[in-house]
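Residue numbers (UniProt numbering), protein chains in the order written: chain R, 1 to 327; chain X, 1 to 343.
Down below is the structure, laid out as structure tokens.
In structure tokens form, the structure reads like this:
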């Protein structure tokens with residue numbers, strides 16, 4: 001059975017989100033049914049919009065135009081200039097998408113880019129970003145970010161913190177959760193029966209037996225060994241510099257990196273666009289493109305929809321895998 | 001004295017670990033056209049090990065044997081110095097052994113002493129196994145430490161990773177990630193820039209262009225994810241730029257480290273200066289650094305080796321690729337020539 005359509009949130013109307021939605025529909029058409037939640041008036045002129053009143057209508061509407069589940073905003077969008085009056089709408093669209101995916105009316109959520117400052121200024125948005133808001137809506141404490149392209153899936157255990165703070169942030173609890181969430185997602189959302197997860201060391205040469213740093217011996221190895229004893233397929237800790245070339249990548253399904261650039265350097269070297277962002281650990285599927293609102297580009301029709309298209313494709317693949325796993 | 005720039009540079013070639021692919025690589029190296037036409041090689045090892053390598057490689061390079069260094073240096077053309085210190089029949093292929101470490105340490109030591117005394121213009125060596133080196137020489141930390149121990153050279157020696165299109169220099173190397181931040185300073189970055197400029201020049205690049213990586217995610221994103229960029233790296237780059245005006249090089253940065261190598265390739269930089277080990281090594285290895293060269297910069301003479309290891313898994317099969325070793329030889333030749341012209 002075909003999974004329900006994917007819910008795409010409009011994101012910040014002053015950014016490139018709405019125009020990218022139109023481009024993604026033009027590219028994907030009926031092959032990948034998704035619907036936009038947002039204000040049809042924010043879409044570029046001459047976008048073939050099909051307004052729907054229920055997500056299930058998207059499956060048929062998508063052949064004729066971009067299906068839009070209307071969420072009226074207070075006034076038109078001005079490219080590059082976020083309106084404080086729009087902040088509430090941006091936040092509500094995300095919550096609406098979560099309601100639909102939780103109810104099974106959408107198979108996944110793909111989020112258009114938001115501007116945190118605009119949401120904070122306009123509606124006292126208290127979350128550092130999408131991910132934390134989604135986790136709160138779903139009632140989960142820990143989620144992890146995965147970056148995925150065709151050749152590599154990689155999860156940074158820590159993200160936007162200074163390098164100097166990484167070692168202290170790598171607690172056993174964080175590592176346990178990161179490995180477990182990654183392992184379960186590979187089974188449920190990526191169709192991997194017995195996941196093999198490569199674990200990067202923190203230090204050069206993965207610490208070389210304690211001679212270049214102790215975090216491997218003190219923290220990583222005990223966690224890895226305990227989870228291996230439970231039957232989880234972990235490899236490592238491995239020397240980060242030799243685990244990302246083609247032959248090494250063939251030995252695992254996903255890699256867990258210890259810090260931002262340990263994950264971002266390999267993925268960007270393979271795929272300059274940085275691949276697709278996938279949030280793991282939510283009860284539903286969520287993907288997003290790897291770029292921001294690009295206020296400087298908005299409204300010109302020049303923005304590149306590749307990353308959004310890849311994010312929609314990834315959400316679709318994951319939805320099919322999840323449907324297959326559910327039998 | 002004759003005009004030395006007219007002569008070919010003399011390079012010592014130290015045979016590496018006998019349990020891996022070093023013997024076959026050494027034989028293939030001697031058989032290369034560059035080895036015959038662009039340099040004079042003094043190959044140091046045991047002739048029996050070399051011949052076994054040549055047999056594995058299926059070649060028979062012409063290489064006269066002498067028994068001591070004095071004779072070798074007085075001989076024209078390529079020559080093998082047979083130290084007679086290892087019977088290949090006793091070597092277990094694919095294993096790190098003390099005997100192999102003794103062999104490689106001795107060859108390397110002889111080569112270093114020649115270079116230190118100014119009797120050769122540079123050194124190439126085929127891969128060592130670090131464990132075997134440690135069995136033989138318990139204080140063996142890495143090549144840099146060994147060079148300092150053997151020659152007493154007390155200047156700064158730094159490892160450079162060299163690919164055809166890009167070099168990587170790093171401010172910190174084998175230190176725990178936790179200590180990287182404390183190990184950064186403006187002066188250290190400037191010293192690294194200075195050495196990188198000198199080494200690139202010696203390799204024949206007249207106007208070196210260097211891209212500097214930040215330390216933190218998104219190069220700190222204006223101080224949101226760390227302040228080392230603002231407090232240390234940016235001021236260091238600003239000071240380096242002042243020097244660059246009079247010293248004819250270019251430097252830019254700090255750039256986010258997840259794209260600094262892609263930028264460097266696209267914008268024709270010659271080198272990327274990274275703040276820590278894996279920041280450079282991940283990208284370099286993905287870009288094919290196993291085919292690249294490791295060069296120890298800062299010594300009065302070039303010291304080059306292929307970046308890959310002893311490849312115990314394919315030792316003796318005759319399939320080892322001489323490509324990286326050839327690049328190591330070419331770089332050593334280029335740097336030795338420039339040094340001579342400058343002398």
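Idealized CB from N, CA, C, for every residue including glycine.
Review point. Got a sec? Which residues, its chain only, sit under 6 Å from residue 151/X by beta carbon, not counting five neighbours each side?
Key: 112 and 116
Point to revise | Unbroken beta strand (DSSP E) run spanning residue 201/X, endpoints | key: For residue 201/X, no beta strand (DSSP E) segment is defined; the enclosing uninterrupted segment is the alpha helix (DSSP H) at 186-202.
Review point. What residues are listed by DSSP as bridge partners for residue 124/X?
Key: 13/X and 304/X
Review point. Alpha carbon to alpha carbon, what distance is there between residue 38/R and residue 70/R?
Key: 5 Å
Check your understanding: Using a C-beta to C-beta distance shorter than 9 Å, which residues of chain X count as neighbours of residue 222/R?
Key -> Near residue 222/R there are no residues of chain X at all, since even the closest Cβ is about 18 Å away, more than 9 Å.
Exercise for review: Taking a Cβ distance cut-off of 7 Å, strictly less, list which residues of the region 288-300 of chain X are near chain R, in chain order.
Suggested key: none
Check your understanding: Can you tell which of 284/R, 21/R and 252/R has its C-alpha closest to the C-alpha of residue 298/R?
Key -> 21/R
Practice item. Mind listing the chain X neighbours of residue 213/R? Cutoff is C-beta to C-beta under 7 Å, in chain order. Key: Near residue 213/R (Cβ distances below 7 Å), the residues of chain X are 176, 177 and 178.
Practice item. Determine the closest residue to residue 129/X out of 325/X, 20/X and 252/X, with distance taken between C-alpha atoms. Key: Of 325/X, 20/X and 252/X, the residue nearest in Cα terms is 20/X.
Practice item. Taking C-beta pairs closer than 8 Å, name the residues in chain C that residue 282/X reaches, listed in chain order. Key: Looking for chain C here will not work: the only protein chains present are R and X.
**Study point:** Short CB-CB distance (under 9 Å) between residue 5/X and chain R
**Key:** With a pLDDT of 42 at residue 5/X, under the threshold of 50, the modelled position of this residue cannot be trusted; read the value that follows with caution. Chain R, which has no Cβ nearer than 9 Å to the Cβ of residue 5/X, makes this no.
Review point. Pick from 77/X, 306/X, 205/X and 60/X: whose alpha carbon is nearest that of residue 66/X?
Key: 77/X
**Study point:** Residues from the region 192-205 of chain R in contact with chain X, defined by Cβ distance under 8 Å
**Key:** Going along the region 192-205 of chain R in chain order, one finds 202, 203, 204 and 205 with a Cβ nearer than 8 Å to chain X.
Review point. With 9 Å set as the bound, which would you pick, yes or no: does the beta-carbon of residue 163/R sit closer than that to a beta-carbon of chain X?
Key: yes
Check your understanding: Does the region 234-243 of chain X come close enough to the region 189-203 of chain X to have 3 or more Cβ pairs within less than 8 Å?
Key -> These segments touch.
Practice item. Take residue 189/R and list the residues in its own chain whose beta-carbon comes closer than 7 Å to its own, dropping the five residues that flank it on each side. Key: Around residue 189/R: 285, 318, 321 and 322.
Review point. Residue 270/R and residue 149/R: beta carbons closer than 9 Å?
Key: yes
Review point. Helix, strand or coil for residue 110/R per DSSP?
Key: strand
Exercise for review: Thinking residue 258/X and residue 212/R are a contact (beta carbons under 8 Å), I'd like their distance in whole angstroms, please.
Suggested key: At roughly 23 Å, the Cβ-Cβ gap does not stay under 8 Å, so residue 258/X and residue 212/R are not in contact.
Exercise for review: Pull out every residue of the region 35-55 of chain X whose Cβ sits closer than 9 Å to any Cβ of chain R, in chain order.
Suggested key: none
Practice item. Under 8 Å between beta-carbons, which chain X residues line up against residue 237/R? List them in chain order, please. Key: Simply none; closest approach about 12 Å.
Check your understanding: First and last residue of the alpha helix (DSSP H) that includes residue 144/R?
Key -> That residue, residue 144/R, is in no alpha helix (DSSP H); its beta strand (DSSP E) goes 144-148.
Review point. Are at least three pairs of beta-carbons, each pair with one atom in the region 141-156 of chain R and one in the region 54-65 of chain R, less than 8 Å apart?
Key: no
Check your understanding: Shortest alpha-carbon distance to residue 64/X belongs to which of 333/X, 50/X, 219/X and 38/X?
Key -> 50/X
Exercise for review: Excluding the 5 residues preceding and the 5 following residue 232/R in the sequence, name in chain order all residues of the same chain whose CB lies nearer than 6 Å to its CB.
Suggested key: 183
Review point. For residue 167/R, which residues in chain X fall below 7 Å Cβ to Cβ?
Key: 177 and 178, listed in chain order.
Review point. At least one CB of chain X closer than 9 Å to the CB of residue 159/R: is that the case?
Key: yes
Practice item. For residue 272/R, go through chain X and note every residue whose CB falls closer than 9 Å to its CB, in chain order. Key: 259 and 262
Check your understanding: What residue range is occupied by the uninterrupted beta strand (DSSP E) comprising residue 45/X?
Key -> 40-45
Practice item. With residue 84/X as the anchor, note down where its beta strand (DSSP E) starts and where it stops. Key: No beta strand (DSSP E) holds residue 84/X; DSSP gives it neither H nor E.
Point to revise | Closest Cα partner of residue 46/X within the set 264/X, 14/X, 231/X and 124/X | key: 14/X
**Study point:** Cutoff 9 Å: residue 225/X Cβ touching any chain R Cβ
**Key:** yes
Check your understanding: Quick one, which of 323/X, 334/X, 340/X and 336/X has its alpha-carbon nearest residue 126/X's?
Key -> 323/X
Check your understanding: the region 213-224 of chain X: which residues have C-beta closer than 7 Å to a C-beta of chain R, in chain order?
Key -> 215, 216 and 217
Check your understanding: Which class does residue 322/X belong to by DSSP, given the choice of helix, strand or coil?
Key -> coil
Review point. Quick one, which of 329/X, 341/X and 319/X has its alpha-carbon nearest residue 24/X's?
Key: 319/X
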